[in-house]
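S.K.:
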Amino acid sequence: MSELSDQELLALFRKEETRHYAFNLMVRQYQQRLYSFVRRMVTDPDETKDVLQNVFIKAWNGLDRFREDAQLYSWLYRIAHNESISHVKRMRRGLFVSQDAVIERLTTTLDSSEHFSGDAIQRKLQRAVMKLPEKQRAVFTMKYFEQMKYEEMSNVTGTSVGALKSSFHIAVKKIEQWVVADPTI
Amino acid sequence: MKTQFDNDDLERLAPNLAGIPKQDPFRVEEGFFERFPHQVQALVANEKRSIWPSVWLLRAAFALPVVGLLIGALWFFQASPPTTDPNQVTNTESLSNEEMYLLEADELLADLAPEELPEHAAASEAPALDADELVAYYELTSADITDLIENL
Numbered sequence: 001m002s003e004l005s006d007q008e009l010l011a012l013f014r015k016e017e018t019r020h021y022a023f024n025l026m027v028r029q030y031q032q033r034l035y036s037f038v039r040r041m042v043t044d045p046d047e048t049k050d051v052l053q054n055v056f057i058k059a060w061n062g063l064d065r066f067r068e069d070a071q072l073y074s075w076l077y078r079i080a081h082n083e084s085i086s087h088v089k090r091m092r093r094g095l096f097v098s099q100d101a102v103i104e105r106l107t108t109t110l111d112s113s114e115h116f117s118g119d120a121i122q123r124k125l126q127r128a129v130m131k132l133p134e135k136q137r138a139v140f141t142m143k144y145f146e147q148m149k150y151e152e153m154s155n156v157t158g159t160s161v162g163a164l165k166s167s168f169h170i171a172v173k174k175i176e177q178w179v180v181a182d183p184t185i
Numbered sequence: 186m187k188t189q190f191d192n193d194d195l196e197r198l199a200p201n202l203a204g205i206p207k208q209d210p211f212r213v214e215e216g217f218f219e220r221f222p223h224q225v226q227a228l229v230a231n232e233k234r235s236i237w238p239s240v241w242l243l244r245a246a247f248a249l250p251v252v253g254l255l256i257g258a259l260w261f262f263q264a265s266p267p268t269t270d271p272n273q274v275t276n277t278e279s280l281s282n283e284e285m286y287l288l289e290a291d292e293l294l295a296d297l298a299p300e301e302l303p304e305h306a307a308a309s310e311a312p313a314l315d316a317d318e319l320v321a322y323y324e325l326t327s328a329d330i331t332d333l334i335e336n337l
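Line by line, the protein sequences give chains U and L.
Residue numbers for the first sequence, in the numbering used here: 1 to 185.
Residue numbers for the second sequence, in the numbering used here: 186 to 337.
1) Which bits of chain L does residue 122 of chain U rub up against, with CB to CB less than 9 Å?
2) How about residue 274 of chain L: is its C-beta nearer than 7 Å to some C-beta of chain U?
3) Is the Cβ-Cβ distance between residue 198 of chain L and residue 51 of chain U less than 7 Å?
4) Nearest to residue 188 of chain U by alpha carbon, out of U:17, U:40, U:176?
5) Buried or exposed: residue 263 of chain L, going by 16 or more other Cβ atoms within 10 Å of its Cβ?
6) Only counting the same chain, and skipping five residues up and downstream in sequence, which positions put a Cβ closer than 6 Å to that of residue 55 of chain U?
7) Do the CB positions of residue 186 of chain U and residue 205 of chain L come within less than 7 Å of each other?
8) Using 8 Å for Cβ pairs, my map puts residue 34 of chain U next to residue 4 of chain U. What's the rounded Cβ distance?
9) Keeping to the same chain, check which residues put their C-beta closer than 8 Å to that of residue 195 of chain L; ignore five residues upstream and five downstream.
10) Within 7 Å of any Cβ in chain U, is that where the Cβ of residue 231 of chain L sits?
11) Pair every Cβ in the stretch 243–250 of chain L with every Cβ in the stretch 84–91 of chain U, then say whether three or more of these pairs are closer than 8 Å.
12) Which value, in whole angstroms, describes the spacing of the CA atoms of residue 101 of chain U and residue 108 of chain U?
13) Enumerated in chain order, which unbroken segments of the alpha helix (DSSP H) with a length of 4 residues or greater are wholly contained in the stretch 110–177 of chain U?
Structure follows, in structure tokens:
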């Protein structure tokens, strides 16, 4: 199925008779990319699905107010970013325990072959990524895995390019240390 | 356009990380992306149907406490209890008639302004007595005026 441009999708969405059709197309067009990002933030597949559903529900409710001053994908990505971070924060409050317990919960999925197909080194890398604070994890994921440009990341996070570069630089150094120090291999 | 943090920088700063292949290692349930759009559509349809009652409920949830506070404040300020003199004796069952008379007098006096009190009025309105009148007064009341004479 060929992808529609942002303008085409929005034009269809703004007509009452084609609104649901346009929304369906939008979900199909962007779900995999957003799923990948959310999954790297929360790891658990069921929680990823919940977060992603919330993302698209918010998109449905907010699309009428979308000003088209940015790309539709950036706007969706911003919602996914905020929802993922909120989810991880809620997880910490719900557990009412230390960051280590949250990391333990996030990395449990990595030990299950049902949910994780990577080898030992991939598991090591993901475990290190899970140790990052959630905002820094998002920055690292967007830059390292998604290979987004800093300007686009700035639109998503609402943070300056300079701050993002610093955050990514620090995240890289941390992960390098943890990958080397991880005794699981 | 060359980015600040390109592959050369990554290899220099984090050689172990640079050596890890970039791949997506997370398994996705088969057929997930076929089913997901329909699931979201169903949620959105339910969201649309229920949005109006929840909007009014939300407004009521904010408005009712505010209205309740306003009513409570109005009631509180309008129904303020009268102030009472903490020194007043409230239990009068054990008082004699003379004590009751004095109590009633005290209660009457408590309502008067300072300038209306009898002693103040007496002091301000009492006519000055000359010496003969004073002697006659003390003789009448049989008062001991020894101290009075000594202090003149």
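Glycine included, every Cβ here is placed at the ideal spot set by N, Cα and C.
Note that this is a predicted model, so its numbers are computed, not measured.
M.R.: Concretely, from the data shown:
1) 205, 206, 208, 210
2) Confidence is the limiting factor: at residue 274 of chain L the pLDDT is only 49, short of 50, which leaves the residue's position unreliable, though a coordinate-based value still follows. With 7 Å as the cut-off, residue 274 of chain L does not count as an interface residue toward chain U.
3) no
4) Because chain U spans 1 through 185 in this model, residue 188 of chain U falls outside it and cannot be assessed.
5) It counts as exposed.
6) 79, 80, 83
7) Nothing in the structure corresponds to residue 186 of chain U, since chain U is present only between 1 and 185.
8) Going by Cβ atoms, the distance from residue 34 of chain U to residue 4 of chain U rounds to 17 Å, so no, they are not a contact pair.
9) 202, 203
10) no
11) no
12) 11 Å
13) 120–131, 134–140, 150–157
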